[in-house]
Amino acid sequence: MTKLVVDGIEVDVPPDFTLLQACEAAGAEIPRFCFHERLSIAGNCRMCLVELKGAPKPVASCAWGVRDCRPGPNGEPPTVSTKSPMVKKAREGVMEFLLINHPLDCPICDQGGECDLQDQAMAYGVDTTRFHENKRAVHDKYIGPLVKTSMNRCIHCTRCIRFVAEVAGVPDLGATGRGEDMEITTYLEHAMGSELQANVADLCPVGALTHKPQAFNLRPWELSKTASVDVMDAVGSNIRVDSRGREVMRVLPRVHEGINEEWISDKTRQHVDGLRLQRLDRPFLREDGRLRPASWAEAFAAIAARVKAAAPARIGAIAGDLAAVEEMWALKLLIQALGSPNIDARQDGSVLHPAHGRASYLFNPSIAGIEDADAILIVGSNPRLEASIVNARIRKRWRMAPLPVGVIGQRVDLTYDHAHLGAGPDSLDELAAGRLDFLDVLKRAERPLVVLGPGATARADGAAILAALSGLAGSIGAVAGGWNGLAVLHGAASRVGALDIGFVPGEGGMTAPAMAEAGALDVLFNLGADEIEIAPGAFVIYQGTHGDRGAHRADVILPGAAYTEKSGTYVNTEGRVQQTGRAVFPPGDAREDWAILRALSDHLGQRLPFDNLPALRRDLYAAHPHLARLDEIAPADGAAALSAWAGLGAGGGAGSGREPFRSPVRDFFLTNPIARASRVMAECSALQTATPALQAAE
Amino acid sequence: MSVRRLARAEIQPATFAFTEENERWLAAQVAKYPDGRQASAVIPALWQAQKQHDGWLPKPAIEAVAARLGMPIIRVMEVATFYTMFNLEPVGRWFIQLCGTVPCHVKGALDLKQVLLEKVGDQQHVTPDGNFSWLEVECLGACCNAPMVQINDDYYEDLTPDLLIGLLADLAEGRTVKPGPQNGRRSSEPLDAVKTLQDPALFDGSLVGGWRKRFDAAASAVPADGARDASGPGDPKAAKPDAGRAIERPVADAPAQRAQNGEAPIKPAEQAQASDPGKTSVVDPAPPAPAQPPQSSKSYVATPSKPEDGRVAAGSLGTTPISGAPGQGGPGRRDGSDTKPVGADPNASPGVAPKEGR
Numbered sequence: 041m042t043k044l045v046v047d048g049i050e051v052d053v054p055p056d057f058t059l060l061q062a063c064e065a066a067g068a069e070i071p072r073f074c075f076h077e078r079l080s081i082a083g084n085c086r087m088c089l090v091e092l093k094g095a096p097k098p099v100a101s102c103a104w105g106v107r108d109c110r111p112g113p114n115g116e117p118p119t120v121s122t123k124s125p126m127v128k129k130a131r132e133g134v135m136e137f138l139l140i141n142h143p144l145d146c147p148i149c150d151q152g153g154e155c156d157l158q159d160q161a162m163a164y165g166v167d168t169t170r171f172h173e174n175k176r177a178v179h180d181k182y183i184g185p186l187v188k189t190s191m192n193r194c195i196h197c198t199r200c201i202r203f204v205a206e207v208a209g210v211p212d213l214g215a216t217g218r219g220e221d222m223e224i225t226t227y228l229e230h231a232m233g234s235e236l237q238a239n240v241a242d243l244c245p246v247g248a249l250t251h252k253p254q255a256f257n258l259r260p261w262e263l264s265k266t267a268s269v270d271v272m273d274a275v276g277s278n279i280r281v282d283s284r285g286r287e288v289m290r291v292l293p294r295v296h297e298g299i300n301e302e303w304i305s306d307k308t309r310q311h312v313d314g315l316r317l318q319r320l321d322r323p324f325l326r327e328d329g330r331l332r333p334a335s336w337a338e339a340f341a342a343i344a345a346r347v348k349a350a351a352p353a354r355i356g357a358i359a360g361d362l363a364a365v366e367e368m369w370a371l372k373l374l375i376q377a378l379g380s381p382n383i384d385a386r387q388d389g390s391v392l393h394p395a396h397g398r399a400s401y402l403f404n405p406s407i408a409g410i411e412d413a414d415a416i417l418i419v420g421s422n423p424r425l426e427a428s429i430v431n432a433r434i435r436k437r438w439r440m441a442p443l444p445v446g447v448i449g450q451r452v453d454l455t456y457d458h459a460h461l462g463a464g465p466d467s468l469d470e471l472a473a474g475r476l477d478f479l480d481v482l483k484r485a486e487r488p489l490v491v492l493g494p495g496a497t498a499r500a501d502g503a504a505i506l507a508a509l510s511g512l513a514g515s516i517g518a519v520a521g522g523w524n525g526l527a528v529l530h531g532a533a534s535r536v537g538a539l540d541i542g543f544v545p546g547e548g549g550m551t552a553p554a555m556a557e558a559g560a561l562d563v564l565f566n567l568g569a570d571e572i573e574i575a576p577g578a579f580v581i582y583q584g585t586h587g588d589r590g591a592h593r594a595d596v597i598l599p600g601a602a603y604t605e606k607s608g609t610y611v612n613t614e615g616r617v618q619q620t621g622r623a624v625f626p627p628g629d630a631r632e633d634w635a636i637l638r639a640l641s642d643h644l645g646q647r648l649p650f651d652n653l654p655a656l657r658r659d660l661y662a663a664h665p666h667l668a669r670l671d672e673i674a675p676a677d678g679a680a681a682l683s684a685w686a687g688l689g690a691g692g693g694a695g696s697g698r699e700p701f702r703s704p705v706r707d708f709f710l711t712n713p714i715a716r717a718s719r720v721m722a723e724c725s726a727l728q729t730a731t732p733a734l735q736a737a738e
Numbered sequence: 048m049s050v051r052r053l054a055r056a057e058i059q060p061a062t063f064a065f066t067e068e069n070e071r072w073l074a075a076q077v078a079k080y081p082d083g084r085q086a087s088a089v090i091p092a093l094w095q096a097q098k099q100h101d102g103w104l105p106k107p108a109i110e111a112v113a114a115r116l117g118m119p120i121i122r123v124m125e126v127a128t129f130y131t132m133f134n135l136e137p138v139g140r141w142f143i144q145l146c147g148t149v150p151c152h153v154k155g156a157l158d159l160k161q162v163l164l165e166k167v168g169d170q171q172h173v174t175p176d177g178n179f180s181w182l183e184v185e186c187l188g189a190c191c192n193a194p195m196v197q198i199n200d201d202y203y204e205d206l207t208p209d210l211l212i213g214l215l216a217d218l219a220e221g222r223t224v225k226p227g228p229q230n231g232r233r234s235s236e237p238l239d240a241v242k243t244l245q246d247p248a249l250f251d252g253s254l255v256g257g258w259r260k261r262f263d264a265a266a267s268a269v270p271a272d273g274a275r276d277a278s279g280p281g282d283p284k285a286a287k288p289d290a291g292r293a294i295e296r297p298v299a300d301a302p303a304q305r306a307q308n309g310e311a312p313i314k315p316a317e318q319a320q321a322s323d324p325g326k327t328s329v330v331d332p333a334p335p336a337p338a339q340p341p342q343s344s345k346s347y348v349a350t351p352s353k354p355e356d357g358r359v360a361a362g363s364l365g366t367t368p369i370s371g372a373p374g375q376g377g378p379g380r381r382d383g384s385d386t387k388p389v390g391a392d393p394n395a396s397p398g399v400a401p402k403e404g405r
């Protein structure tokens with residue numbers, strides 16, 4: 041530890057701290073533009089100058105290590121001053137130079153109100169200019185459909201370049217020219233090829249990079265901000281939903297060190313226009329093959345007539361990828377009350393089952409725990425598409441120190457070096473049998489991590505694959521001591537919550553694909569499941585938010601609330617319980633989903649035992665206490681999961697099927713009904729032909 | 048310097064490939080760096096590509112270098128646009144780089160520029176016959192032979208307008224030209240009489256180790272019988288120059304000196320003055336000078352001509368006023384209208400005084 045006196049306050053900081061971090065530890069506020077905690081140090085904006093006793097000039101605190109500070113003549117700790125007149129004068133000088141070429145267009149700038157330069161100019165700007173030459177004019181660049189450029193405003197902090205190269209791992213941005221002529225651009229103004237690219241607009245300390253879909257649409261001070269959780273994938277990125285009136289205007293990341301740090305994927309950020317397009321805002325009833333608007337009473341009456349006529353075993357329910365735990369709990373109770381075992385939330389046909397233990401369907405090492413792993417095997421997953429934030433975390437780990445990564449599945453660009461070991465279950469068998477060198481790497485590793493994606497579990501031979509994997513995981517010591525390296529990666533936000541509350545077929549019940557088959561059921565309750573093709577025959581009640589595939593097939597449509605319109609519990613892929621917040625109200629006649637089910641239960645004569653959300657949650661928490669502990673991961677027994685999986689195999693290994701693993705995400709930007717309704721996502725999807733890295737390999 | 052972009056699409060070649068010889072050369076360059084650091088060879092690679100491709104870098108060459116070194120194309124682009132020695136546009140068969148930096152400037156580079164403008168045309172334009180194009184560049188490091196131009200790989204120095212015209216004509220007609228000084232001088236030797244370093248003792252070896260002999264002589268002059276103890280403060284101390292340190296020079300009134308004498312190193316009054324937040328310039332406002340030295344009306348800045356006046360006095364005419372000090376326009380107003388841009392005075396002559404007797 042190193043002792044330092046900052047503004048008269050003595051602090052003791054680790055020697056690898058920079059002066060800026062030490063000053064912040066002492067409570068001093070240091071202005072900065074180029075410095076960012078999660079990026080490499082550039083030291084080129086000079087805004088963080090501080091006075092270091094003994095140094096002849098002010099020093100850039102972001103690029104000055106505390107171990108480089110010399111003690112005083114009698115061994116006194118180095119003395120730093122962050123508020124002295126000299127520091128203020130130096131920063132004013134820097135600010136004056138930054139403003140020389142910065143246009144005075146704050147009134148029409150989208151960054152206005154949340155601009156670092158604006159804020160810091162209030163403290164360090166001078167009210168007059170001594171610069172009488174012409175300002176620099178810079179050609180605006182096209183760098184993609186999500187980021188708007190206004191390059192006159194660029195102050196050359198290079199945060200965007202560093203983010204794209206270091207965190208996103210797609211080095212598309214660069215600075216051409218030099219000095220005054222330096223320009224930020226992509227090569228020949230191609231679009232950036234990263235699924236995290238919109239973060240550069242968040243990083244930009246000025247208005248040079250702003251969010252294109254929100255251009256000229258909003259001012260930060262007119263928005264109400266709601267803390268929430270993303271449901272576009274199973275990562276559960278923490279987000280802030282900014283709304284104006286009845287409309288969600290944008291989504292910004294919130295910092296959560298355990299999950300998304302401070303990044304979110306482009307889909308998480310820019311699906312928001314899908315929240316107001318294609319919405320179901322009133323009940324519909326199919327008459328003579330056509331859907332017509334109906335009242336709630338009519339819709340419930342039609343459902344009640346069909347349900348009462350059906351045998352209990354011919355009734356079933358499928359929950360979709362965006363459903364919250366609350367409504368799945370209500371639906372489970374309702375279907376059970378009707379006497380049917382047919383419920384399933386695994387519309388992709390996954391073989392993961394809560395009977396194998398909770399560890400058998402969680403990302404057990406946790407997302408932050410990826411940084412502790414020393415070898416990674418990815419089976420049947422393309423984490424870049426299924427969980428971009430998890431992929432960014434693996435890349436972060438890979439950048440920290442050499443990390444062997446093996447992939448069994450599609451041959452894709454994951455933004456880090458990896459060994460492609462094979463395509464399908466046969467390669468898994470070969471690896472387990474030791475015919476591939478990578479097995480030694482995994483065996484030597486102290487904390488190996490096995491990522492199991494939906495491409496391997498959602499298959500007919502999934503059980504055999506799980507059995508083979510349990511043997512492999514056991515032989516490499518993936519679950520040993522304090523380390524549980526069994527990491528199941530989900531693609532659907534609702535999945536872990538559904539498995540937690542047991543939204544799976546009961547005794548003799550049918551799975552989702554079985555229910556969707558022709559003639560399997562008379563009445564099928566579809567809670568927002570849009571990724572499954574339901575064969576003609578059954579009477580389908582669709583409760584959801586968007587006029588997507590499920591609604592087209594429906595006989596009755598009950599309009600529900602999207603995740604921004606309700607407080608819903610979601611459990612992310614690592615088992616962390618989180619809740620969304622209600623930012624706006626559902627449109628038109630749409631209602632919160634649990635309330636619809638409660639009202640329906642009344643019409644079906646099976647009244648559910650709760651009248652409000654707290655009562656529902658009391659009921660839910662009594663049955664599943666871990667769901668009450670928000671932002672916590674209940675520990676799960678990895679060894680039990682492995683032994684449960686081992687019992688699944690017929691003993692023949694995984695090689696029964698030679699069909700290669702395929703990620704269920706064919707198109708990153710169109711994985712759920714909200715994203716499919718979004719124009720911005722459609723534009724990104726259309727652009728994928730130009731950025732083949734994001735395309736699932738066919 | 049201006050914004051540098053790739054040449055327009057019509058003149059870009061479709062493909063670029065290193066010749067076999069250059070590929071071998073490049074492999075040797077890449078081999079100089081450790082594994083995984085091939086990108087370090089990007090500048091030699093671009094340079095060789097430029098040499099191979101008539102002195103300029105087309106887009107396919109940049110892509111070829113990126114592919115060869117396993118770099119993202121934008122990283123190669125950054126390097127190619129950063130260094131002005133990489134030409135992104137076609138150049139003439141003889142690419143002339145005229146040094147326009149101060150030493151060449153005072154020795155007549157402006158006249159050479161005029162010649163090039165007349166004979167070759169505007170900068171960065173190739174003559175119709177494809178022979179010439181030219182560019183004004185910063186110092187090429189041949190100031191001792193100013194003014195000079197670089198044509199392709201060679202320096203042509205000590206030029207006059209006539210010599211340059213002749214040189215251009217020789218090149219255009221295919222005559223062999225001699226690089227180096229064009230006025231008969233050998234390298235950068237004195238042009239006429241030798242005026243310095245004339246003492247033959249400098250060259251006969253007699254001075255080698257002379258400094259040591261002085262110390263030896265001084266040491267032998269000291270008496271051996273305990274005189275060292277009696278040595279007073281007046282004794283010369285050999286081999287310890289004071290290096291101009293303030294501590295050892297009693298005349299200085301420096302903070303270090305004060306600290307040695309046990310006083311406060313910084314006088315409180317000075318500290319208060321130095322930290323005046325109202326000031327943004329390091330220049331102290333001088334007490335009102337009794338009489339300003341006469342200023343030349345030709346000069347656009349009030350730089351005094353005598354060294355003792357090196358301290359710029361606040362409020363002196365024509366300098367940028369100190370921010371916070373009352374401007375000439377009126378008391379207290381700081382809207383920039385009181386500052387005068389350099390060179391904005393129409394009566395002042397341009398920065399360069401016309402040279403006489405040329």
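Residue numbers (the numbering used here), protein chains in the order written: chain Z, 41 to 738; chain W, 48 to 405.
Glycine included, every Cβ here is placed at the ideal spot set by N, Cα and C.
Counting C-beta pairs closer than 8 angstroms gives fewer than three between the stretch 240-258 of chain Z and the stretch 563-581 of chain Z, which falls short of the contact rule.
Bounds of any alpha helix (DSSP H) do not take in residue 463 of chain Z, whose DSSP letter is neither H nor E. Going by DSSP, residue 121 of chain Z is part of no alpha helix (DSSP H) but of the beta strand (DSSP E) stretching over 119-121. Cβ proximity to chain Z below 7 angstroms picks out 119, 120, 121, 122, 124, 125, 128, 129 from the stretch 115-145 of chain W.
Sequence-distant Cβ neighbours of residue 568 of chain Z in its own chain, meaning closer than 6 angstroms and more than five residues away, are 360, 362, 363, 584. Closest option to residue 451 of chain Z, judged by alpha-carbon separation, among Z:135, Z:421, Z:433: Z:421.
Just measuring C-alpha positions, the residue of Z:194, Z:617, Z:447 sitting nearest residue 673 of chain Z is Z:617.
When Cβ pairs closer than 8 angstroms are counted between the two stretches, the stretch 197-214 of chain Z is seen not to touch the stretch 43-63 of chain Z, the count staying below three. Proximity of residue 176 of chain Z to chain W, defined by a Cβ-Cβ separation below 7 angstroms, is not satisfied.
Collapsing the DSSP output to three states places residue 200 of chain W in coil. When only Cα atoms are considered, residue 156 of chain Z and residue 531 of chain Z end up about 36 angstroms apart.
With a contact defined as Cβ atoms closer than 8 angstroms, residue 126 of chain Z and residue 96 of chain Z miss out at about 12 angstroms. The beta carbon of residue 710 of chain Z is closer than 7 angstroms to those of 716, 721, 725 in its chain, skipping five residues each way along the sequence. Taking a Cβ-Cβ threshold of 8 angstroms, the residues of chain W close to residue 215 of chain Z are 125, in chain order. For residue 410 of chain Z, there is no enclosing beta strand (DSSP E), as DSSP marks it with neither H nor E. Judged by DSSP secondary structure, residue 599 of chain Z falls within the beta strand (DSSP E) whose first and last residues are 596-599. Secondary structure note for residue 50 of chain Z: its beta strand (DSSP E) is the uninterrupted segment 49-53.
Per DSSP, residue 164 of chain Z is not a residue of any beta strand (DSSP E); the alpha helix (DSSP H) it occupies stretches across 156-164.
A residue is called buried when at least 16 other Cβ atoms come within 10 angstroms of its Cβ; residue 474 of chain Z does not meet this threshold and is exposed.
In this structure, DSSP gives residue 187 of chain Z an extended state, which the three-state scheme calls strand. For residue 102 of chain Z and residue 64 of chain Z, the gap between their C-alpha atoms comes out near 11 angstroms. Residue pairing by DSSP places residue 564 of chain Z opposite Z:356, Z:580 in a beta bridge.
In terms of beta-carbon proximity, residue 241 of chain W stays away from the interface with chain Z, with every pair separated by 7 angstroms or more. Contact between residue 295 of chain Z and residue 308 of chain Z fails: their C-beta atoms lie close to 14 angstroms from each other, not under 8 angstroms. Around the Cβ of residue 698 of chain Z, a 10 Å sphere holds fewer than 16 other Cβ atoms; the residue is exposed.
If you check each beta-carbon in the stretch 204-229 of chain Z against every beta-carbon of chain W, the ones closer than 9 angstroms belong to 205, 210, 211, 212, 213, 214, 215, 216, 217, 218, 219, 220, 221, 222, 223, 225, 226, 227, 228.
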